[in-house]
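Presented below is the structure to which this report refers.
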Amino acid sequence: FIGKPSLNYISDEIKSILVEDIKSIPVILEESTSIYDAIVFMFLEDVGSIYITNNGILSGVISRKDIIRTVMGGTDLYKVPIGVIMTRMPNIIYVKPKDSVLTAAMKLIEHEIDSLPVVEGIDNSNKDYRVVGRITKTNITRIFVELGNNI
Ligand code: ADP
62 FIGKPSLNYI SDEIKSILVE DIKSIPVILE ESTSIYDAIV FMFLEDVGSI
112 YITNNGILSG VISRKDIIRT VMGGTDLYKV PIGVIMTRMP NIIYVKPKDS
162 VLTAAMKLIE HEIDSLPVVE GIDNSNKDYR VVGRITKTNI TRIFVELGNN
212 I
């Protein structure tokens, strides 16, 4: 039986962990990359999604499903750039380094996605972001395991 005090403890513990404490290195490509090269890169990097930038500024995300959909549609993979098929800003869901991992986990669940880019604004416009990391379901599962094993 888990009493209320220990549930509060778990909750406080989770909220105290920040995105910057657990983020992974982001996997990034420029928008002009061909879909073919993006697929090769996805296999080489062993990731399910890639963040896309335009001159270093976050402009989109491309995932396995986007690629499968495109391949089934018969698009020319060598000619068409990933910028054409990616999910685009302002529809990208992201987190900031100082957000809690609970916020990140809630966004993953709410939007039914596998990963979130961790971003930092390049100025105060709240419009243009540089990608400084990524949070995936694996990062969150690792915390669950560490809490469970009391590490
Ligand atoms: P998969 O395609 O491997 O199932 P996801 O579930 O993460 O991967 O992606 C599903 C859809 O959501 C795709 O169209 C993808 O472009 C989009 N997507 C993925 N991550 C994000 C994000 N952080 N913000 C907005 N859209 C995203």
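Sequential numbering of the sequence shown, starting at 62, is according to the UniProt record's numbering.
A virtual CB, placed ideally from N, CA and C, is assigned to each residue, including glycine.
Since this is a predicted model, take the numbers as computed values, not measurements.
| query | In terms of residues, what are the limits of the beta strand (DSSP E) holding I111? | reply | Translated into positions along the sequence shown, residue 111 becomes position 50. Note, I111: beta strand (DSSP E), S110 to N115.
| Within 8 Å, strictly: CB atoms of I75 and L163 | On the sequence shown, position 14 is the one that residue 75 refers to. On the sequence shown, position 102 is the one that residue 163 refers to. Yes, they are a contact pair.
| Completely contained beta strand (DSSP E) runs for the UniProt domain "CBS" (147-212), where each covers 3 or more residues | Taken in chain order, the unbroken stretches of beta strand (DSSP E) that lie wholly in the UniProt domain "CBS" (147-212) and span 3 residues or more are 176-182 and 190-197.
| request: Mind checking who G144 pairs with in its DSSP beta bridge? | output: As a working mapping, residue 144 is identified with position 83 in the sequence shown. G144 pairs with nothing; no bridge assigned.
| said: Using a 10 Å radius around the Cβ and a threshold of 16 neighbouring Cβ atoms, would you call G151 buried or exposed? | reply: Working through the sequence shown from its first residue, we reach residue 151 at position 90. Looking at the sequence itself, residue 151 is Pro, so the reference to Gly does not match. Burial is judged here by how many other beta carbons sit within 10 angstroms of a residue's own beta carbon; P151 has fewer than 16 and is exposed.
| request: Tell me whether S95 sits in a helix, a strand or coil according to DSSP, three-state version. | output: Residue 95 sits at position 34 when you count from the first residue of the sequence shown. Strand.
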